[in-house]
Amino acid sequence: TEAHITAVEGFDALNAYIVQTPEKALEMADAADAKIKAGEQKGMTGIPVGIKDLFCTKGVETTACSHILNGFKPEYESTVTQNLWDDGAVMLGKLNMDEFAMGSSNETSYYGPVKNPWRKGDVDTVPGGSSGGSVASVAGFAAMGATASDTGGSIRQPASFTGTFGIKPTYGRCSRYGMVAFASSLDQAGTITRSVRDGAIMLESISGFDPKDSTSIDMAVPNFEAALTGDIRGMKVGIPQEYHLAGMPGEIEALWHKGIEWMKEAGAEVVDINLPHTKYALPTYYIVAPAEASSNLARYDGVRYGLRETPENGGLIDMYEATRAAGFGDEVKRRIMIGTYVLSAGYYDAYYLKAQKVRQLISDDFARAFEQCDVILTPTAPSAAFAFGEKTDDPLAMYLNDVFTVPASLAGLPGSSVPAGLDADGLPLGLQVLGKPWDEETVLKVSEVIE
Ligand code: GLN
């Protein structure tokens, strides 16, 4: 823990941590030490981790990197973090992220961008998003693991950009209680670690039924580490033909091909599959997610949380307007406007309802594909990490980053990103492994074989 506290301070230039909690960390490490001496050690006991600022931590500022939650100190702990503390994990601090988890490059944070420890020659690159602080801290050895959240790819894409392992479990596996809501039907907690084994241990710790979240599922959590047998002989690995995008960089295709060869060498059978509605996933996501966001973010009114702006001689409505104008960043406002539009009378049927129907078709595609295979293998993202500012003026180019991650989110499936190679500039690239609902074990097993 002491070494990690030093690393957290030393890596300040990455801007991965927005709150550091060294005293708390030392206290927790002492408590963990006592547990170890008493023979009560669990997988996470004494392990120093960083917490994405989306998770409420009792008494420790939690803002989801938005100005509107300025100074907000929750009265309660999120279930995911409570599970970690119950297992003896140690908190190093709160990690930077895109504001309300909206973004793919960690450039929308109120606290400024996070730097990827991997540079393209002399040029700094983005860590991906929205879990930019989570991946940068783990890749930069300033945490042994980090919590993260994935609504449309925010665990897997940044893991790919930083050579870390990210896993998002099945929707409902981890409690959303105390997780600042972005799009509630998609949000799912997960982990960032440097190895698949670490990921299995940490994921097991944060998983489990929670009566405080109505979408949490009451199912036993398997011993994920025990799934790492290295044996995938006879397993069927599906390759979705629709993921061969026109104009995809040759390096990404080549990496995918390498992954397919590794699967065959390990004794798996590779089968071509079809996910015919793939091309509708991105537009569907960018209707459903903003719709839910616009509703969830209505609660930030200057009364209940954080920031309050009170214009002179203004009334209640002026206070709402001034608070929300000053408190939300551009990307969040864009999402609120899109979401409000697609939910409004007259457009609801044409956009939101249509998107919900297409979401079901995408889900059905996966269900059908999984009759032919046990896992699906694809690239995680269509490119490696890019430079700061490269896509900030073009939201559509930014949204395209999520093309391979969004479909599984819409279907609620478990998925990982495993470091699988480097591009010509020496930047990391990841492969994505998707599994059947509740089959994180197979996702982990295949991930470890790739690693
Ligand atoms: N990049 C996607 C978005 O901006 C996904 C974000 C996420 O998974 N939290 O919505």
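Note that UniProt numbering numbers the sequence shown so that position 111 is 137, with each residue one more than the last.
The beta carbon of each residue, even a glycine, is placed where N, CA and C say it ideally should be.
Since we're looking at a predicted model, the values are computed, not measured.
Does the distance from the C-beta atom of residue i to that of residue j stay below 8 Å?
{"i": "residue 12", "j": "G447", "result": "An answer regarding residue 12 cannot be provided, because it is not within the stretch 27 to 477 covered by the chain."}
{"i": "A351", "j": "I388", "result": "no"}
{"i": "L439", "j": "L460", "result": "yes"}
{"i": "residue 17", "j": "S186", "result": "What is shown of the chain runs 27 to 477, which leaves residue 17 out entirely."}
{"i": "S104", "j": "Y203", "result": "yes"}
{"i": "P316", "j": "G355", "result": "no"}
{"i": "G293", "j": "I258", "result": "yes"}
{"i": "I177", "j": "A209", "result": "The residue you asked about is not Ile; residue 177 is Thr in the sequence shown. Against a cut-off of 8 Å, the Cβ pair of A209 and T177 comes out as a contact."}
{"i": "G192", "j": "S442", "result": "yes"}
{"i": "G166", "j": "S130", "result": "no"}
{"i": "M245", "j": "D400", "result": "no"}
{"i": "A172", "j": "F37", "result": "no"}
{"i": "G147", "j": "V45", "result": "no"}
{"i": "P184", "j": "S157", "result": "yes"}
{"i": "residue 486", "j": "D428", "result": "Given a span of 27 to 477 for the chain in the structure shown, any question on residue 486 remains unanswerable."}
{"i": "G332", "j": "G97", "result": "yes"}
{"i": "T406", "j": "Y269", "result": "no"}
{"i": "L40", "j": "D79", "result": "no"}
{"i": "G322", "j": "A207", "result": "Here residue 322 is Asn; the residue named in the question, Gly, does not match the sequence. The answer is yes: Cβ separation under 8 Å."}
{"i": "E277", "j": "A413", "result": "no"}
Using 10 angstroms around the beta-carbon of residue i, count the other beta-carbons present and answer buried if the total reaches 16, otherwise exposed.
{"i": "V116", "result": "buried"}
{"i": "T32", "result": "exposed"}
{"i": "G138", "result": "exposed"}
{"i": "N249", "result": "exposed"}
{"i": "A51", "result": "buried"}
{"i": "Y312", "result": "buried"}
{"i": "H30", "result": "buried"}
{"i": "I343", "result": "exposed"}
{"i": "S370", "result": "exposed"}
{"i": "R182", "result": "buried"}
{"i": "V329", "result": "exposed"}
{"i": "M123", "result": "buried"}
Starting from the C-beta of residue i, find all residues in its chain whose C-beta is less than 7 Å away, skip the five residues before and the five after it, and write them out in chain order.
{"i": "V384", "result": "H303, Y306, T310"}
{"i": "T27", "result": "A51, L52, A55, P74, V116"}
{"i": "Q108", "result": "none"}
{"i": "D236", "result": "T105, S201, Y203, S242"}
In chain order, what residues of the same chain lie with their CB nearer than 6 Å to the CB of residue i, ignoring the 5 residues before and after it?
{"i": "C200", "result": "V106, A215, I232, S233"}
{"i": "R361", "result": "M128, P316, A319"}
{"i": "E466", "result": "P195, P440"}
{"i": "G264", "result": "V297, I299, A395, C399, I402"}
{"i": "A423", "result": "K417"}
{"i": "I286", "result": "V296"}
For residue i, which residues of its own chain have a beta-carbon under 8 Å away from its beta-carbon, when the five flanking residues on both sides are left out?
{"i": "W288", "result": "V475, I476"}
{"i": "E251", "result": "G69, R223, A226, I227, E230"}
{"i": "A411", "result": "N142, W144, K146, T151, V152, P153, G154, F187, T188, L453, P454"}
{"i": "Q67", "result": "K61, G114"}
Runs of beta strand (DSSP E) lying entirely within the region 116-148, each at least 3 residues, in chain order: Counting whole runs of 3 or more residues, the region 116-148 contains the beta strand (DSSP E) stretches 116-121.
Could you tell me which whole beta strand (DSSP E) segments of length 3 or greater appear in the region 241-305? Correct list: 262-266, 295-299.
Threshold first: 3 residues or longer. Then list the beta strand (DSSP E) segments lying entirely within the region 44-79, N to C. If only uninterrupted beta strand (DSSP E) runs of at least 3 residues are considered, those enclosed by the region 44-79 are 74-78.
Length at least 3, wholly inside the region 348-419: the beta strand (DSSP E) runs in chain order: Whole beta strand (DSSP E) segments, 3+ residues: 401-405.
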